[in-house]
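Chains as they are written, first to last, in the numbering used here: chain A, 1 to 119; chain B, 1 to 119.
Following: one structure in C-alpha cells, then a few remarks.
There are 2 protein chains.
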Amino acid sequence: MARAATTTDAFNAVAEPRRREILDALAGGELAVGDLVELLGLAQPQVSKHLRVLREVGLVDVRDDGRRRLYRVNGAPLRAVHAWVSRYERLWNERFDLVDDVLDELTQAEAQAGPDEGD
Amino acid sequence: MARAATTTDAFNAVAEPRRREILDALAGGELAVGDLVELLGLAQPQVSKHLRVLREVGLVDVRDDGRRRLYRVNGAPLRAVHAWVSRYERLWNERFDLVDDVLDELTQAEAQAGPDEGD
DNA sequence: TTGACGCATGCCGATATAGGTATATGTTTG
DNA sequence: CAAACATATACCTATATCGGCATGCGTCAA
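Structural data, given as C-alpha cells:
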C-alpha cells in the first residue's frame, strides 16, 4: 500500500508544515499565489501544488482576479481534526473539565435566553 | 525528497487512521498489544509497527508486564496540534468568541479564588 | 499581434510508507 | 530443558510524495 494520499482528508493535508504555513498566511485574508511565494520563500510551482492539495480537501477556496488567483481559507475541514484532538485535551490540561462545565452552562444559558439572545 | 517521516511529529503520526484508532482504544486505559489486535482487527505486526511510531513521537508510553507490554496514551504531543487547529476554530464556529470570553473570565475567577479552589 | 506576466501542470528521482509473511527475542509453564 | 505464548523486527513490493525544472495556458499591456 503506502501512505494515504495527502488529499484524503484534513489530517493528511495539514501534516505538511508548508501547507500549515500557507493556511497561516491566508488567515489574514485573501492572497494571490505570488504573495504566498514571497511570504513563504518557496518556488512558485511548489506553492501551486500545495494549494492544489489544500483545495482538494476543501481547506481553501479560489477566486479569479484578472490573471491572478486569490486564495482564501476555509476552516470547515479542520473541524474534524479539532473534534478528534479535543477529546485528548484533558490529558494535558488538568483544568479542562472545568472549562467543560462552563461550556455546558453556556449552552444552557443560551437555550434559556431563547432566540433573542442579542449580545 | 518525499513526505516527512510519520515519526516527525504528532501531525504526521496522527494522520494515519489506524493510529488514531489505537489512541482511541487506549483512551480507556492501558492495553496490551494483543488487546489492540483484537479490538482493531489488525495483524499483530502492524499493530506493533503503529505503536512504534506512536512511541517515537511520544504519544504512547510502554510498561512491561510479564511477557506482555502495556501501552498507555500520552496526550502531550497533541497539544501542539490542538493549539494550531484551535486558531481556526472561529472560522467554523461563530460562537467561538463567546467561549473565548468565558475562558477569560474563568481564568480571572480562578486567580481570585486563589490556590484553594477545591472542586 | 507580440510580449510580458501569473499561475498550473508535466516529468524526474529519491524516499518513506503500510501491509503481508516469516522469524527473532523474551517470558512463562510443565 | 522444551514448548507455548506475547511482542518486536526484518524483508518485500507498490505507491504517493516533495522538490526542482521546464513548459503550457490564460490575461493584460503596447
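For glycine and all other residues, C-beta sits at the position ideal for the given N, C-alpha and C.
Do you know offhand how far residue i's Cα is from residue j's?
i       : j      : result
E21(B)  : V60(B) : 13 Å
M1(B)   : G66(B) : 42 Å
R87(B)  : T8(A)  : 22 Å
G28(B)  : K49(B) : 21 Å
D116(A) : P77(A) : Only weak support is given to the placement of D116(A): the predicted model assigns it a pLDDT of 40, under 50, and the value that follows is read from those uncertain coordinates. D116(A) and P77(A): Cα-Cα distance of roughly 30 Å.
P45(A)  : Y71(B) : 43 Å
L51(A)  : R63(B) : 43 Å
E38(B)  : E16(B) : 19 Å
R79(A)  : N93(B) : 9 Å
A83(A)  : A43(A) : 34 Å
R23(A)  : E56(B) : It should be noted that the sequence gives Leu, not Arg, for residue 23(A). Whole-angstrom Cα-Cα distance: 27 Å.
G41(B)  : L40(A) : 43 Å
G58(A)  : T6(A)  : 12 Å
A4(A)   : A4(B)  : 13 Å
So residue i contacts chain A; which residues on that side make the cut at Cβ distance below 8 Å?
i      : result
S86(B) : H82
Residue i touches chain A at which residues, Cβ-Cβ below 7 Å?
i      : result
G75(B) : Y88, L91 and W92
R79(B) : W92
Could you please give the first and the last residue of the uninterrupted alpha helix (DSSP H) stretch that includes residue i?
i      : result
D35(B) : V33 to L40
N12(A) : A10 to A13
E56(A) : Q44 to E56
W84(B) : L78 to S86
R90(A) : That residue, R90(A), is in no alpha helix (DSSP H); it is neither H nor E in DSSP.
A25(B) : P17 to L26
Out of the options, point me to the one whose CA is closest to residue i's CA.
i      : options                           : result
V33(B) : G75(B), R69(B), A83(B) and N74(B) : R69(B)
R90(B) : G75(A), R3(A) and A83(A)          : G75(A)
R19(B) : R19(A), L36(A) and F11(A)         : F11(A)
Which residue marks the beginning of the beta strand (DSSP E) containing residue i, and which one marks its end?
i      : result
V73(B) : R68 to V73
V62(A) : V60 to D65
Could you check how far apart the C-beta atoms of residue i and residue j are, in whole angstroms? I think they sit under 8 Å.
i      : j      : result
A13(B) : V53(B) : 5 Å
V81(B) : V85(A) : 5 Å
L31(B) : V47(B) : About 10 Å; that fails the 8 Å criterion.
What residues of chain A sit near residue i, judged by a beta carbon separation below 9 Å?
i      : result
R20(B) : F11 and W84
Closer than 8 Å by beta-carbon distance: list the chain B residues that pair up with residue i, in chain order.
i      : result
V16(A) : In the sequence under discussion, the amino acid at residue 16(A) is Glu, which differs from the Val named in the question. Going along chain B in sequence order, the residues near E16(A) (Cβ under 8 Å) are R3 and A4.
Quick one: does the C-beta of residue i sit closer than 7 Å to a heavy atom of the ligand FAD?
i      : result
E21(B) : In the structure shown, the ligand FAD is absent, as is every other ligand, since no ligand is present at all.
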